[in-house]
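In the working numbering, the protein residues as written are 90 to 421. Beta carbons: idealized from backbone N, C-alpha and C, even for Gly. The next block holds one structure in the form of structure tokens; read it before the comments.
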Ligand code: ATP
Ligand code: LTN
């Protein structure tokens with residue numbers, strides 16, 4: 090039987106951070122065993138927020154090298170950049186004609202990002218979820234590993250797919266989200282009520298970048314905002330900072346919350362923060378080692394992108410053609 094299809098994307102809009110890893114990338118690696126996976130560097134999504142062109146290109150190459158170092162098998166699966174495969178934009182246009190303004194205005198990411206970038210509320214920022222739906226639906230995807238912040242977008246992809254199928258027959262598979270128990274919403278270390286995001290201010294200690302030096306990771310965790318009650322207890326409303334650290338520690342070590350509370354009973358926050366930092370550092374260590382070996386090899390990375398684009402092109406062809414035929418474009 091053919092393997093089920095997994096698709097996911099990550100933006101090269103900065104350097105990847107711990108939330109990306111625990112919420113999404115780790116699952117990307119795990120799913121490779123049982124599924125046929127397409128993993129995409131979604132550079133077209135990134136330009137919905139103004140980027141420096143040189144930084145965007147560098148970030149995309151860094152990200153590719155990171156993904157390979159984290160264990161993505163580019164030979165067995167498909168690893169590529171969105172802008173290299175035309176079908177993403179082609180299908181996004183068709184789907185935009187089956188998506189309502191009202192639906193897009195309800196997206197919380199649009200509202201957040203419009204507030205953050207008041208001077209550049211462009212149409213791409215608004216139709217961002219349509220492009221994401223196209224990414225997913227192009228491949229007959231069944232499972233989409235994402236962090237919790239993306240569930241609303243995935244729900245909209247399902248709605249668009251069902252709406253199109255209702256009108257024209259079974260063109261698209263209706264995808265499901267794949268979300269694990271822990272790590273799925275990592276909050277900022279300085280602002281534990283907001284999700285950690287790679288496009289936050291890199292100068293602050295709010296974001297743990299996956300490529301940070303171990304010393305810097307330790308420092309950021311030591312400076313993490315907590316509370317004055319000095320007990321390690323999971324209570325997200327009352328103790329957002331400590332709860333975030335418990336969630337991170339649990340995601341990395343696999344221990345559950347009550348065991349963690351017991352482990353650090355009476356230990357104080359200093360000791361706990363150091364333990365969380367050390368667990369994160371040792372999880373990342375082998376990835377960083379590999380990254381340092383491959384990042385400078387531009388030809389190696391470009392070859393992977395070229396091959397990935399060809400494979401993605403071929404994989405998208407069938408559904409792209411069906412969607413065009415369904416709406417009545419001339420078939421040759
Ligand atoms: P940006 O801030 O540039 O929008 P981002 O850091 O939020 O980027 P994306 O590239 O948009 O990251 O997302 C890649 C994957 O990482 C998505 O599946 C997303 O759900 C997940 N993710 C992002 N931030 C977090 C977080 N703080 N906790 C858990 N998962 C996250
Ligand atoms: N919107 C996602 C990135 C993304 C994505 C996708 C994730 C673009 N296309 C398709 C899963 C499937 C984000 O901001 N995290």
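Apart from the five residues on each side of it in sequence, which residues of its chain come closer than 8 Å, Cβ to Cβ, to residue i?
{"i": "residue 461", "result": "Residue coverage of the chain in this structure runs from 90 to 421, which leaves residue 461 outside it and unanswerable."}
{"i": "residue 398", "result": "169, 170, 173 and 174"}
{"i": "residue 318", "result": "328"}
{"i": "residue 118", "result": "159, 160 and 161"}
{"i": "residue 214", "result": "137, 138, 199, 202, 203 and 206"}
By how many angstroms is the C-alpha of residue j removed from the C-alpha of residue i?
{"i": "residue 130", "j": "residue 345", "result": "32 Å"}
{"i": "residue 355", "j": "residue 108", "result": "28 Å"}
{"i": "residue 406", "j": "residue 137", "result": "26 Å"}
{"i": "residue 377", "j": "residue 300", "result": "7 Å"}
{"i": "residue 127", "j": "residue 351", "result": "41 Å"}
{"i": "residue 285", "j": "residue 312", "result": "15 Å"}
{"i": "residue 150", "j": "residue 385", "result": "10 Å"}
{"i": "residue 125", "j": "residue 316", "result": "45 Å"}
{"i": "residue 396", "j": "residue 387", "result": "14 Å"}
{"i": "residue 280", "j": "residue 330", "result": "8 Å"}
{"i": "residue 374", "j": "residue 105", "result": "15 Å"}
{"i": "residue 420", "j": "residue 216", "result": "27 Å"}
{"i": "residue 357", "j": "residue 297", "result": "22 Å"}
{"i": "residue 423", "j": "residue 277", "result": "The structure shown does not extend to residue 423, since the chain is modelled only from 90 through 421, so no value can be given for it."}
{"i": "residue 234", "j": "residue 340", "result": "15 Å"}
{"i": "residue 167", "j": "residue 156", "result": "12 Å"}
{"i": "residue 52", "j": "residue 343", "result": "Residue 52 lies beyond the residue range present for the chain, which begins at 90 and ends at 421; the question has no answer from this structure."}
{"i": "residue 59", "j": "residue 333", "result": "No information on residue 59 is available, as it lies outside the stretch 90 to 421 that the chain covers here."}
{"i": "residue 314", "j": "residue 294", "result": "10 Å"}
{"i": "residue 210", "j": "residue 359", "result": "42 Å"}
{"i": "residue 208", "j": "residue 185", "result": "24 Å"}
{"i": "residue 321", "j": "residue 271", "result": "17 Å"}
{"i": "residue 282", "j": "residue 238", "result": "13 Å"}
{"i": "residue 148", "j": "residue 288", "result": "12 Å"}
{"i": "residue 422", "j": "residue 347", "result": "The structure shown does not extend to residue 422, since the chain is modelled only from 90 to 421, so the question has no answer here."}
{"i": "residue 188", "j": "residue 368", "result": "44 Å"}
{"i": "residue 325", "j": "residue 404", "result": "43 Å"}
{"i": "residue 402", "j": "residue 349", "result": "46 Å"}
{"i": "residue 390", "j": "residue 353", "result": "43 Å"}
{"i": "residue 90", "j": "residue 122", "result": "15 Å"}
Going by beta carbon distance, what residues of the same chain come within less than 6 Å of residue i, once the five residues before and after it are set aside?
{"i": "residue 110", "result": "299"}
{"i": "residue 250", "result": "226, 261 and 263"}
{"i": "residue 310", "result": "362, 365 and 366"}
{"i": "residue 164", "result": "none"}
{"i": "residue 303", "result": "370"}
{"i": "residue 307", "result": "366"}
{"i": "residue 451", "result": "Limits of the chain in this structure are 90 at one end and 421 at the other, which puts residue 451 out of reach."}
Does any heavy atom of the ligand SAM sit closer than 7 Å to the C-beta of residue i?
{"i": "residue 160", "result": "Within the structure as shown, the ligand SAM is missing, the only ligands being the ligand ATP and the ligand LTN."}
DSSP on residue i, reduced to helix/strand/coil?
{"i": "residue 97", "result": "strand"}
{"i": "residue 190", "result": "helix"}
{"i": "residue 429", "result": "Lying outside 90 to 421, the shown extent of the chain, residue 429 is not represented and no answer is given."}
{"i": "residue 279", "result": "coil"}
{"i": "residue 421", "result": "coil"}
{"i": "residue 399", "result": "helix"}
{"i": "residue 412", "result": "helix"}
{"i": "residue 257", "result": "helix"}
{"i": "residue 170", "result": "strand"}
{"i": "residue 372", "result": "helix"}
{"i": "residue 380", "result": "helix"}
{"i": "residue 427", "result": "Residue coverage of the chain in this structure runs from 90 to 421, which leaves residue 427 outside it and unanswerable."}
{"i": "residue 181", "result": "helix"}
{"i": "residue 266", "result": "strand"}
Less than 7 Å between C-beta atoms, sequence neighbours within five positions excluded: which residues of the same chain meet that for residue i?
{"i": "residue 269", "result": "116"}
{"i": "residue 218", "result": "193, 196, 242 and 245"}
{"i": "residue 145", "result": "101, 132 and 135"}
Exercise. Would you check if the stretch 210–227 and the stretch 173–187 touch, i.e. whether three or more CB-CB distances between them fall below 8 Å?
Key: The stretch 173–187 is in contact with the stretch 210–227.
Self-check item: the stretch 398–418 / the stretch 180–192 touching (three or more Cβ pairs under 8 Å)
Solution: The stretch 398–418 is in contact with the stretch 180–192.
Quiz item: Taking the runs of the alpha helix (DSSP H) that are 4 residues or longer, which of them lie wholly in the stretch 197–251?
Solution: Scanning the stretch 197–251 from its first residue to its last, the whole alpha helix (DSSP H) runs of 4-plus residues come out as 197–205 and 212–226.
Self-check item: Inside the stretch 97–148 only - alpha helix (DSSP H) runs reaching at least 4 residues
Solution: Listed in chain order, they are 115–120 and 132–135.
Exercise. Could you pull out every unbroken alpha helix (DSSP H) segment of at least 4 residues lying fully inside the stretch 330–376, listed in chain order?
Key: Scanning the stretch 330–376 from its first residue to its last, the whole alpha helix (DSSP H) runs of 4-plus residues come out as 346–352.
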